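Note that the protein sequences, when read in sequence, are chains A and B. Oh and the first sequence: position 31 is 31 in our numbering, straight run, nothing missing. Add 382 to the 1-based position in the second sequence for our numbering, that's all there is to it. Glycine included, every Cβ here is placed at the ideal spot set by N, Cα and C. Please read all numbers here as calculations on a predicted model, not as lab measurements. Below is one structure, written out as structure tokens; the observations come after it.
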Amino acid sequence: MTRPRGAAVLLLLLAGGGGCQKPVKPGDPLPGLSRAERDRFDHGKVVFDSVFTPETGLGPLFNATGCGECHENPAGGRGDEVEVHATAFHAPVCDPLAQEGGPVIQQHTTPALKQALGIDQEPFPPSATARAMRTSPVIFGRGLLDLVPDSVLLAYADPDDRNHDGVKGRPNRFVDGRIGRFGRKGFVPTLREFNAGAFAAEMSVTNPAQPTEEDVGGKPLPAGVDPAPDPEINQEQLDLTDDFVRFLAPPTPLKLGKDGRHGRDVFSQIGCATCHIPTLRTGYSPLPALNNREFAAYTDLLLHDMGTDLADICLGRATPADFRTEPLLDLRGAEHFLHDGRATTLEQAIELHGGEGSGARDRFKGLSAADRTALVAFLKSL
Amino acid sequence: MQRHIRTAALTVVLLVPFVTAAPADWRALNSAQAAPSYTYQGTVRAVNARTGSLELITGVGMSLRVVRMTMAPTTRLVAAGATPRLTDLKPGDVVRAEGRRTAAGLVADRVEKLAVGTR
Numbered sequence: 001m002t003r004p005r006g007a008a009v010l011l012l013l014l015a016g017g018g019g020c021q022k023p024v025k026p027g028d029p030l031p032g033l034s035r036a037e038r039d040r041f042d043h044g045k046v047v048f049d050s051v052f053t054p055e056t057g058l059g060p061l062f063n064a065t066g067c068g069e070c071h072e073n074p075a076g077g078r079g080d081e082v083e084v085h086a087t088a089f090h091a092p093v094c095d096p097l098a099q100e101g102g103p104v105i106q107q108h109t110t111p112a113l114k115q116a117l118g119i120d121q122e123p124f125p126p127s128a129t130a131r132a133m134r135t136s137p138v139i140f141g142r143g144l145l146d147l148v149p150d151s152v153l154l155a156y157a158d159p160d161d162r163n164h165d166g167v168k169g170r171p172n173r174f175v176d177g178r179i180g181r182f183g184r185k186g187f188v189p190t191l192r193e194f195n196a197g198a199f200a201a202e203m204s205v206t207n208p209a210q211p212t213e214e215d216v217g218g219k220p221l222p223a224g225v226d227p228a229p230d231p232e233i234n235q236e237q238l239d240l241t242d243d244f245v246r247f248l249a250p251p252t253p254l255k256l257g258k259d260g261r262h263g264r265d266v267f268s269q270i271g272c273a274t275c276h277i278p279t280l281r282t283g284y285s286p287l288p289a290l291n292n293r294e295f296a297a298y299t300d301l302l303l304h305d306m307g308t309d310l311a312d313i314c315l316g317r318a319t320p321a322d323f324r325t326e327p328l329l330d331l332r333g334a335e336h337f338l339h340d341g342r343a344t345t346l347e348q349a350i351e352l353h354g355g356e357g358s359g360a361r362d363r364f365k366g367l368s369a370a371d372r373t374a375l376v377a378f379l380k381s382l
Numbered sequence: 383m384q385r386h387i388r389t390a391a392l393t394v395v396l397l398v399p400f401v402t403a404a405p406a407d408w409r410a411l412n413s414a415q416a417a418p419s420y421t422y423q424g425t426v427r428a429v430n431a432r433t434g435s436l437e438l439i440t441g442v443g444m445s446l447r448v449v450r451m452t453m454a455p456t457t458r459l460v461a462a463g464a465t466p467r468l469t470d471l472k473p474g475d476v477v478r479a480e481g482r483r484t485a486a487g488l489v490a491d492r493v494e495k496l497a498v499g500t501r
């Protein structure tokens, strides 16, 4: 009789052990990937960490020599680089300055372009009405964000503030009219496009999705400055990189202590969770690791007016003051906050919220020191 | 008998793709001299009714490009429930444009103004 009981205990222990997942660290793949998907994650990381040269497609204008130069420590994490963006706002129309090289202003040139034109960086567009600084965000959990249905975003939108909470929220739109969600202004509709566009805009590495080189301030490239034939990476390299980014998991939040648990309540009570919605759910995906998954997102992927102090460039339907709610992922590893890194503490970042965020900011300012400490403890667990 | 029927059925299954694909091949042969067509969906950057030119912003992610095209007398402009003129298009409008490359550049065959959510 004792042997069957022992076997039952063993079974229970095994079952319990199976349900206890290891915490996901920054840079880890999503749990539950198949062997084949894990292989693509590993091979994609190799492309992601590649360093391009002019001979392999870099430039002639560029911000970085590879994805891993800005999304590092570990791959997919944040970097210390700050790049320059520019657009022209003629209300209500936003001109992304595509005729002058686009909104990303590359800060480096290859030796061949420097020799041909005598420039060290892309000329700042004369038509620009504003300049913006952009830090490199972590790109964990982007595959999950990509799969949140548009209908969910639209359900959270409240452009006329019908519930009178002072928070509106509306989706941005890409140049072709589709709902956007990626980038600090929520301009780009899909992760695949964001990745393909990043190859072209950050490294000037042409690819099957963007097979043409950017010109220099609206003028064609001088002959001989771009030796690699287009496209400079093939579909498989693009797909592998896309899979690597898509499969990067959001890190597991740290276990909350008493302070942190109280901070989580304060986060909701003062209204942070109105825009930084704690959990979202993906829609259908043929990949089980991404299909119908609830995950900690802390964003609504919508645009909110953040006030004049933070305002910089327009993009799509985003006015200069509009920013997409930043997903609060891997805050524990952050040393700079907000889209341009101007805040060096979480308290500063909250106090710099304006516009639709001013209600939550003011309630934060009215908290006791203990409540503030608890809120920060919670945020640092993310 | 059953074997004959099975063979006949197999022959039909194998031939169907060729038969149904044939009209497409004929179209391709007939239009061999025509320029290949292109479709762009993007935001109007500039429009000049006097010169009949249209500039669209297209692209992938943050990598954006300008597409320039000209209107021909045969270009059709359409919108939901209306037949707009070129002067009705303005910067910021989202359109889908179909055209073909000629020696003079990209010529539009059809430009459709799309209704896109504004909120």
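- prompt: What is the DSSP secondary structure of Ala410/B, reduced to helix, strand or coil?
  reply: Walking along the second sequence from the start, residue 410/B turns up at place 28. Note that Ala410/B has pLDDT 40, beneath the 50 cutoff, so the model's placement of it is unreliable and the number below is only indicative. Helix at Ala410/B.
field: Length of the line joining the Cα atoms of Gly463/B and Val477/B
entry: Along the second sequence, read from residue 1 onward, the residue named residue 463/B stands at position 81. Along the second sequence, read from residue 1 onward, the residue named residue 477/B stands at position 95. If you take the alpha carbons of Gly463/B and Val477/B, they lie about 15 Å apart.
- prompt: For Leu496/B, which residues in chain A fall below 7 Å Cβ to Cβ?
  reply: Within the second sequence, residue 496/B is the residue found at index 114, counting from 1. Going along chain A in sequence order, the residues near Leu496/B (Cβ under 7 Å) are Gly177.
query: For the region 433-454 of chain B, which residues have a beta carbon sitting closer than 7 Å to at least one beta carbon of chain A?
result: Using a CB distance below 7 Å, the part of the region 433-454 of chain B facing chain A consists of Ile439, Thr440, Gly441, Val442, Gly443, Met444, Ser445, Leu446, Arg447 and Val448, ordered along the chain.
field: At least three beta-carbon pairs within less than 8 Å, the region 143-153 of chain A to the region 75-86 of chain A
entry: Touching, no.
message: Looking at Arg134/A: is its Cβ nearer than 8 Å to the Cβ of Asp340/A?
response: For the purposes of this step, residue 134/A is taken as residue 134 along the first sequence, with counting starting at 1. For the purposes of this step, residue 340/A is taken as residue 340 along the first sequence, with counting starting at 1. For Arg134/A and Asp340/A, yes; Cβs fall inside 8 Å.
message: Please tell me whether Ser196/A has its Cβ less than 8 Å away from any Cβ of chain B.
response: As a working note, residue 196/A is residue 196 in the first sequence. The sequence given here has Ala at residue 196/A, not Ser. Ala196/A counts as touching chain B.
message: Pop quiz: Leu301/A and Gly76/A are said to be a contact at Cβ under 8 Å. What is the actual Cβ separation, rounded to whole angstroms?
response: Counting from 1 along the first sequence, the entry for residue 301/A is found at position 301. Counting from 1 along the first sequence, the entry for residue 76/A is found at position 76. Not confirmed; about 19 Å, so no contact.
query: Relative to chain A, which residues along the region 453-479 of chain B have a C-beta separation below 7 Å, given in chain order?
result: Of all residues in the region 453-479 of chain B, only Pro473, Gly474 and Val476 come within less than 7 Å of chain A when Cβ atoms are compared, listed by chain position.
- prompt: In terms of residues, what are the limits of the alpha helix (DSSP H) holding Ile350/A?
  reply: The count along the first sequence starts at 1 and reaches residue 350/A at position 350. First-last of the alpha helix (DSSP H) with Ile350/A: Leu346 to Glu351.
message: Against chain A, does Gly481/B count as a neighbour if the rule is that its beta carbon must be under 8 Å from one of theirs?
response: Here the question's residue 481/B lines up with position 99 in the second sequence. Gly481/B does not count as touching chain A.
message: Quick check on Gly424/B: does DSSP put it in helix, strand or coil?
response: Counting from one through the second sequence, the residue named residue 424/B turns up at place 42. Three-state DSSP puts Gly424/B in a strand.
Sheet register partners of Ala461/B (DSSP bridge): For the purposes of this step, residue 461/B is identified with residue 79 of the second sequence, where counting begins at 1. In the DSSP secondary-structure assignment, Ala461/B is bridged to Ala464/B and Lys495/B.
- prompt: How many Å lie between His353/A and Thr129/A at the Cα?
  reply: As a working note, residue 353/A is residue 353 in the first sequence. As a working note, residue 129/A is residue 129 in the first sequence. If you draw a straight line from the Cα of His353/A to the Cα of Thr129/A, it comes to about 23 Å.
- prompt: For Arg35/A, which of His336/A, Leu287/A, Leu329/A and Arg178/A has the nearest alpha-carbon?
  reply: The residue labelled residue 35/A in the question sits at position 35 within the first sequence. Nearest to Arg35/A by alpha-carbon distance, out of His336/A, Leu287/A, Leu329/A and Arg178/A, is Leu287/A.
- request: Compare the C-alpha of Met451/B against each of Gly474/B, Asp475/B and Val429/B and name the closest.
  value: What you label residue 451/B is simply residue 69 of the second sequence in a count that begins at 1. Of the candidates Gly474/B, Asp475/B and Val429/B, Val429/B places its Cα closest to the Cα of Met451/B.
query: Would a C-beta distance cut-off of 8 Å place Gln210/A and Ala223/A closer than the cut-off?
result: Working through the first sequence from its first residue, we reach residue 210/A at position 210. Working through the first sequence from its first residue, we reach residue 223/A at position 223. For Gln210/A and Ala223/A, no; Cβs fall outside 8 Å.
Candidates Leu30/A, Asp95/A, Val24/A and Gly79/A, of which the one nearest Arg427/B by Cα: Taking the second sequence and counting its residues from 1, one reaches residue 427/B at position 45. Nearest C-alpha to Arg427/B among Leu30/A, Asp95/A, Val24/A and Gly79/A: Asp95/A.
task: Report the residue ranges of all beta strand (DSSP E) runs contained in full by the region 127-192 of chain A; include only those spanning at least 3 residues, in chain order.
output: Runs of the beta strand (DSSP E) inside the region 127-192 of chain A: 130-135.
message: Just to confirm the assignment, what range does the alpha helix (DSSP H) spanning Ala370/A have?
response: By 1-based counting over the first sequence, the position of residue 370/A is 370. Unbroken alpha helix (DSSP H) run through Ala370/A: Ala369 to Leu379.
query: Of all the CB atoms in chain B, is at least one closer than 8 Å to the CB of Gln348/A?
result: Taking the first residue of the first sequence as 1, we reach residue 348/A at position 348. Using beta-carbon distances, Gln348/A does not count as an interface residue toward chain B, since no partner is under 8 Å.
message: Given this structure, state the Cα-to-Cα distance separating Arg342/A from Ile277/A, to the nearest angstrom.
response: In the first sequence, counting from the first residue as 1, residue 342/A sits at position 342. In the first sequence, counting from the first residue as 1, residue 277/A sits at position 277. Approximately 23 Å, taken between the alpha carbons.
- prompt: At a cut-off of 7 Å, is Thr274/A close to the ligand GTP when judged by its beta-carbon and the heavy atoms of the ligand?
  reply: This structure lacks the ligand GTP; in fact it carries no ligand of any kind.
query: Taking Arg78/A as the reference, which of Leu328/A, Pro189/A and Leu113/A has the closest Cα?
result: Counting from 1 along the first sequence, the entry for residue 78/A is found at position 78. Nearest of Leu328/A, Pro189/A and Leu113/A to Arg78/A, Cα basis: Leu328/A.
- prompt: Checking contacts by CB at 8 Å: is Arg492/B closer than that to chain A?
  reply: Within the second sequence, residue 492/B is the residue found at index 110, counting from 1. No, Arg492/B lies away from the interface with chain A (no Cβ there is under 8 Å from its Cβ).
message: In this structure, how does DSSP classify Leu303/A when only helix, strand and coil are distinguished?
response: In the first sequence, residue 303/A corresponds to position 303, counting from 1. Note: Leu303/A maps to strand in three-state DSSP.
- request: Output, in sequence order along the chain, the residues in the region 179-191 of chain A whose CB is closer than 7 Å to any CB in chain B.
  value: Listed by position, the residues of the region 179-191 of chain A near chain B (Cβ gap below 7 Å) are Gly183 and Val188.
- prompt: Mind checking whether Glu294/A and Thr279/A have CB atoms under 8 Å apart?
  reply: In the first sequence, residue 294/A corresponds to position 294, counting from 1. In the first sequence, residue 279/A corresponds to position 279, counting from 1. Yes. Within cutoff.
- request: Assuming Thr344/A and Ala228/A form a contact by the criterion Cβ under 8 Å, report the distance between their Cβ atoms to the nearest whole angstrom.
  value: On the first sequence, residue 344/A is found 344 positions in, with the first residue counted as 1. On the first sequence, residue 228/A is found 228 positions in, with the first residue counted as 1. Between the beta-carbon of Thr344/A and that of Ala228/A there is about 40 Å, and that puts the pair past the 8 Å contact cut.
- prompt: What do you get for Gln348/A, buried or exposed, if any count of 16 or more other CB atoms within 10 angstroms of its CB means buried?
  reply: Within the first sequence, residue 348/A is the residue found at index 348, counting from 1. So Gln348/A ends up on the exposed side.
query: Taking the Cβ atom as the reference point for each residue, do Leu438/B and Gly424/B lie within a distance shorter than 8 Å?
result: Against the second sequence, residue 438/B aligns to sequence position 56. Against the second sequence, residue 424/B aligns to sequence position 42. The answer is yes: Cβ separation under 8 Å.
query: Comparing the C-beta of Thr212/A with each C-beta of chain B, is any distance below 8 Å?
result: Taking the first sequence and counting its residues from 1, one reaches residue 212/A at position 212. With 8 Å as the cut-off, Thr212/A counts as an interface residue toward chain B.
Phe244/A - partner residues in DSSP beta bridges: The sequence position of residue 244/A within the first sequence is 244, counting from 1. The partner list for Phe244/A (beta bridge, DSSP) is empty, contrary to what the question assumes.
query: In the structure shown, what three-state DSSP assignment does Leu438/B receive?
result: As a first step, residue 438/B is located in the second sequence; it is residue number 56 there, counting from the start. In the structure shown, Leu438/B sits in a strand (DSSP, three-state: E or B).
query: Cβ of Gln115/A less than 8 Å from any chain B Cβ?
result: For the purposes of this step, residue 115/A is taken as residue 115 along the first sequence, with counting starting at 1. With 8 Å as the cut-off, Gln115/A does not count as an interface residue toward chain B.
query: With which residues is Val225/A paired in a DSSP beta bridge?
result: Residue 225/A sits at position 225 when you count from the first residue of the first sequence. Residue pairing of Val225/A in beta bridges, as defined by DSSP: absent, with no partner found.
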